[in-house]
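Numbering (the working numbering), first residue to last: 3 to 80. C-beta atoms are modelled at their ideal positions from N, C-alpha and C, and glycine is treated no differently. The block underneath contains the structure these notes are about, expressed in structure tokens.
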């Protein structure tokens, strides 16, 4: 039986980099038609949630940076 190296990282048929599907159908234009996303793979909603969390962290970081600069500015006396 031929072994097919799979480049999809989240395919349900992936077994240590080799396709374990009983039958594989390939299309030269679209790729593997046998591909099936693993149930544990990241969905688009997961990526949106991660983006939202990243935005929140960036906003927190900006506020802290402003506070640091305000505290570190020396008072000028002449």
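I need the straight-line Cα distance from residue i to residue j, nearest angstrom please.
i: residue 6; j: residue 22; result: 8 Å
i: residue 41; j: residue 26; result: 20 Å
i: residue 10; j: residue 37; result: 8 Å
i: residue 34; j: residue 28; result: 5 Å
Could you name the residues of the same chain whose beta carbon sits closer than 8 Å to that of residue i, not counting the 5 residues immediately before and after it, in chain order?
i: residue 20; result: 5, 6, 7 and 8
Should residue i and residue j be called a contact, given that it needs their Cβ atoms to be closer than 7 Å?
i: residue 39; j: residue 17; result: no
Among the residues of its own chain, which have a CB less than 6 Å from the CB of residue i, if the five just before and after it don't count?
i: residue 14; result: 38 and 40
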